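Here's the structure we're looking at; comments come further down.
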Amino acid sequence: MQWQSTGSFVPAAYGASNTITVRDGLIFVDLSSFRSTVNVGNFTVWLFKAGVKPSKTIGLGCVANVNGTTYGKQATWNTDGSVTLIGGVGSSDIVQCFSKIIPVPDGVEFV
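Take any residue in the sequence shown, note its place counting from 1, add 432, and you have its number in my numbering.
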């Protein structure tokens with residue numbers, strides 16, 4: 433994955449690998465934390481760079497929390513390989529992503 437914009441979404445210095453890997457019927461999600469400098473609604477924060485893409489949009493569930501608040505952020509992995517953060521972020525929000533593993537949904541293939 434690559435950042436949609438490192439000016440709008442400033443990667444954390446301790447960032448993760450920004451990858452989604454599919455292996456043995458499982459999806460391994462490892463998105464990097466960032467600080468937002470913009471106010472946006474549902475937004476594609478990560479763009480496809482290399483690897484596989486799902487044949488259907490996949491709900492990744494809760495992939496992050498926002499520092500200082502009591503709510504998490506969900507995301508979708510889109511058929512173009514990008515990842516959309518659901519619910520948006522505000523200017524100066526620090527989004528703390530965490531790794532997760534989910535099963536491949538029925539009927540999804542990878543190209």
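The beta-carbon is built from N, C-alpha and C at its ideal position, and this holds for glycine as well.
Computed from a prediction, not measured in an experiment: that's the story for all the values here.
Status (buried if at least 16 other CB within 10 Å, exposed otherwise) for T508: By the Cβ neighbour-count rule, T508 is buried, with 16 or more other Cβ atoms within 10 Å of its own.
Rounded straight-line distance, which links the Cα of T469 to that of G439: Between the alpha carbons of G439 and T469 lies a distance of about 7 Å.
Extent of the continuous beta strand (DSSP E) run through A507: Following the DSSP letters along the chain, one finds A507 inside the beta strand (DSSP E) bounded by residues G504 to W509.
Contact check, T571 vs T489, beta carbons under 8 Å: Residue 571 lies beyond the stretch modelled for the chain, which goes from 433 to 543, so this question has no answer here.
I459, buried or exposed, once every other Cβ within 10 Å from all chains shown has been counted against 16: Answer is buried; the Cβ neighbour count reaches 16.
Nearest to T501 (by Cα), restricted to the options A444, L492 and Q528: Taking only the C-alpha atoms, the option nearest T501 is Q528.
Straight-line gap, M433 to V536 (C-alpha atoms, nearest Å): Cα to Cα, the separation comes out at about 19 Å.
Same chain, Cβ closer than 6 Å to I534, five either side skipped, listed in chain order: I459, listed in sequence order.
Which residues DSSP lists as bridging D462, in chain order: For D462, which the question treats as bridged, DSSP gives the partners T451.
Touch test, the stretch 467–483 against the stretch 515–524, Cβ-Cβ under 8 Å, three pairs minimum: By the C-beta criterion, the stretch 467–483 is judged to be in contact with the stretch 515–524, since at least 3 inter-stretch pairs fall below 8 Å.
Simplified DSSP assignment, three categories, for V540: DSSP places V540 in coil when its eight states are reduced to three.
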